[in-house]
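Encoded as structure tokens, the structure appears first; notes follow it.
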Amino acid sequence: ELAKSARMAVVADDESNIGALAEAADQVGVQLEVLVEVDVGQGRTGVPPGPRAGQLAALIARSRGLRFRGLQGYQGKLQAVASLEERAALVREAMTKLRASIDAVRAAGLECPVATGGGTGSFPIDIELRTLTELQPGSYITMDTAYAKVALGAAGEAHPLGQPLTILASVISRPAADRAIVDVGWKSASSDGGPPSVKGQPALKFEFAGDEHGSIRTNSGKLNLALGGRIELVPSHCDTTVNLYDRFAVHRSGRLEGWWTIEARGKSQ
145 ELAKSARMAV VADDESNIGA LAEAADQVGV QLEVLVEVDV GQGRTGVPPG
195 PRAGQLAALI ARSRGLRFRG LQGYQGKLQA VASLEERAAL VREAMTKLRA
245 SIDAVRAAGL ECPVATGGGT GSFPIDIELR TLTELQPGSY ITMDTAYAKV
295 ALGAAGEAHP LGQPLTILAS VISRPAADRA IVDVGWKSAS SDGGPPSVKG
345 QPALKFEFAG DEHGSIRTNS GKLNLALGGR IELVPSHCDT TVNLYDRFAV
395 HRSGRLEGWW TIEARGKSQ
């Protein structure tokens, strides 16, 4: 139904999946764009690099209601590799696998108009390699502590991306001179990448203290946080943290400018 009002594309890696897509597209009278998913190292979904991609591309091309659009070769796990040299080597390896699959598609007598992949940690490398026609960076718009450690340029070069996403925490208790309790816990900050950090204050350390509580400590003497005060926390993983909220509070120069609804959150029904 969505394809009736919007241009959309899906990925597939199995004949039965392609058959089901063709049947659904034919029933509602739409032409659905389909890409073949290639496993270029993620070890998740996708066909092995090489001939299999060409076989599925040919099946899509001759299926009623479907149009072969290209290949997807995404490898998310290399995006946060801190070393630029190590990450570049992994990206080159992944793109070699994707090029073998592009060659297989062409050997099947088809064009491969789209090769999509890449991400926030690899896009400068992907641009240089010129294998991909479409890049998929997403975390750059919010960033997190994991991506802040990812080198995108030469050693010593300033990180080109800022840190716009923070969680605004309130101090709800001051049980000790070197400790404050805030209203941010596991329910409001993702923990899969570790705890958040305190923005602009490296001497302060955040620790989870439960579902709705967090503890902020300092090892440098007295903690200068008043009861009722606010402090910004930087999430360790932006994707899973954003999914915990309904809206972004959008501000500029300390002034609230509006609220943006997070439309796609909470959809695991």
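Residue numbering for the sequence shown follows the working numbering, beginning at 145 and increasing consecutively. We put the beta carbon where it would ideally sit given N, CA and C, even for glycine.
Three or more C-beta pairs below 8 Å linking the segment 260-280 and the segment 215-228: Short answer: they touch.
Proximity below 7 Å, CB of I311 to CB of L377: It is a contact, given that the beta carbons lie within the stated cut-off.
The beta strand (DSSP E) enclosing G402, as first and last residue numbers: Residues R399 to T405.
Chain-order list of residues whose beta-carbon lies under 6 Å from that of V366 (same chain, five-residue window excluded): The displayed chain sequence assigns Lys, not Val, to residue 366. Residues A321 of the same chain have their beta carbon placed closer than 6 Å to that of K366, with the five preceding and five following residues left out of the count.
Rounded separation between V249 and V155 - CA only: The alpha-carbon of V249 is positioned some 15 Å away from that of V155.
Cut-off 7 Å between Cβ atoms - residues of its own chain near K221, not counting five sequence neighbours on either side: If the five residues before and after K221 are omitted, its C-beta is found closer than 7 Å to the C-beta atoms of Q186, all from its own chain and listed in chain order.
Buried/exposed call for D288, threshold 16 Cβ in 10 Å: Counting Cβ neighbours within 10 Å, D288 comes out buried, since at least 16 surround it.
Coarse secondary structure for V294, derived from DSSP in three states: In the structure shown, V294 sits in coil (DSSP, three-state: anything other than H, G, I, E or B).
Inter-residue spacing [alpha-carbon to alpha-carbon] between I325 and S341: C-alpha separation (whole angstroms): 14 Å.
Which of helix, strand or coil DSSP assigns to G261: In the structure shown, G261 sits in a strand (DSSP, three-state: E or B).
Length-filtered (4 minimum) alpha helix (DSSP H) runs lying within the segment 159-228: Taking 4 residues as the minimum length, the alpha helix (DSSP H) runs contained wholly in the segment 159-228 are 159-172 and 195-205, in order along the chain.
contact_flag[the segment 170-181, the segment 221-238] where n(CB pairs < 8 Å) is 3 or more: Taking a cut-off of 8 Å on C-beta distances, the segment 170-181 does not touch the segment 221-238, as fewer than three cross pairs fall below it.
Local conformation of R151 per DSSP, three classes: DSSP places R151 in coil when its eight states are reduced to three.
Nearest to A244 (by Cα), restricted to the options L203, T189, V182 and V225: Checking every option, the nearest Cα to that of A244 belongs to V182.
Backbone CA spacing between R361 and D247 [nearest angstrom]: So the alpha carbons of these two residues sit roughly 56 Å apart.
The segment 154-168 / the segment 190-210 touching (three or more Cβ pairs under 8 Å): Contact between the segment 154-168 and the segment 190-210 is established, with three or more Cβ pairs separated by less than 8 Å.
Assumed close pair L228, A295 - CB separation to whole angstroms, cut-off 8 Å: Contact between L228 and A295 holds: CB atoms are separated by about 4 Å, below the 8 Å threshold.
Range of the contiguous alpha helix (DSSP H) that encloses I285: No alpha helix (DSSP H) holds I285; DSSP gives it neither H nor E.
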